[in-house]
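S.K.: Residue numbers (the working numbering): 83 to 244.
Beta carbons: idealized from backbone N, C-alpha and C, even for Gly.
Sharing a structure, written as structure tokens. Questions coming.
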Amino acid sequence: MISFVWAEDRNHIIGKNGHLPWKLPNDMKHFKNVTMGHPIVMGRRTYESFPNGPLPNRLNIVISRNPNYRVPDSVVLITDKNELSHYVQSDEEVMVIGGEGIFKLFQNDVDRLYLTRIDYDFTGDTKMVNIDYNQFNLIEKKEGIVDDKNVYPHTFETYQKI
Ligand SMILES: NC(=O)c1ccc[n+]([C@@H]2O[C@H](COP(=O)([O-])OP(=O)(O)OC[C@H]3O[C@@H](n4cnc5c(N)ncnc54)[C@H](OP(=O)(O)O)[C@@H]3O)[C@@H](O)[C@H]2O)c1
83 MISFVWAEDR NHIIGKNGHL PWKLPNDMKH FKNVTMGHPI VMGRRTYESF PNGPLPNRLN
143 IVISRNPNYR VPDSVVLITD KNELSHYVQS DEEVMVIGGE GIFKLFQNDV DRLYLTRIDY
203 DFTGDTKMVN IDYNQFNLIE KKEGIVDDKN VYPHTFETYQ KI
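Following this line, the structure appears as structure tokens:
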């Protein structure tokens, strides 16, 4: 099963200058909880945005068109989404974590959405792909807690394909 995990602002912005446009530690925790123990699939640029390299305790799968792109031994590099089946079990929940190019690539395969809606207008250069929410049921919704470290109102939503 393919799941998408992402956070977007009011205008579907997801990135700016190769990084997230916001600081929202609650969403980092949520991301960790949702993805922990699952394979994560990401574009080369998203992979390069991690300050400390691959994310621990998850199989990191990076997609690049460059077959010579160098990754550490613990990381899997693929150049085509069809190679994914060599590295994940068919009954496994595979977490596609972006960015835009990779969400586009899996747009027709996705079964579950883990969306963090951030109720704020950021500037950015990367947007989420269009999702047809008529094809999904909202199965969980939780308000994030706003505090001095998490200043933007945010909601965690989970959708399942009908
Ligand atoms: N808000 C969120 O939840 C969230 C999540 C993820 C990322 N982001 C943000 O989004 C931005 C990065 O997203 P992005 O769209 O620019 O880049 P990206 O999707 O992370 O990576 C793009 C790269 O993936 C490879 N690629 C794309 N399509 C491919 C295909 N069909 N076959 C093989 N390889 C393919 C190419 O790598 P090569 O150039 O090496 O060939 C391409 O340059 C950053 O700002 C990041 O912080 C935000």
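#1: In the DSSP assignment, what are the bridge partners of M83?
#2: Leaving out five residues before and five after Y169 in sequence, what residues of the same chain have Cβ atoms less than 8 Å from its Cβ?
#3: If we count the other Cβ atoms within 10 Å of its Cβ and call it buried at 16 or more, is E130 buried or exposed?
#4: Consult DSSP for D193 and reduce its assignment to one of helix, strand or coil.
#5: Give me, in chain order, the residues of the same chain whose beta-carbon lies closer than 7 Å to that of R127; leave out the 5 immediate sequence neighbours on both sides.
#6: With distances taken from CA atoms, which of G183, E175, K231 is nearest Q242?
#7: Considering Cα atoms alone, identify which of W88, P154, P149, N115 is closest to N134.
#8: Mapping the DSSP letters down to three states, classify N219 as helix, strand or coil.
#9: If you run the structure through DSSP and keep just helix, strand and coil, what is N139?
#10: Does any heavy atom of ligand 1 sit closer than 6 Å to the C-beta of H120?
M.R.: Well, looking at it:
#1: According to DSSP, which records beta bridges pairwise, M83 is partnered with nothing at all.
#2: P121, L141, I143, V158, I160
#3: exposed
#4: strand
#5: These residues qualify, in order along the chain: G100, G181.
#6: E175
#7: When only C-alpha atoms are compared, the closest one is P154.
#8: strand
#9: coil
#10: no
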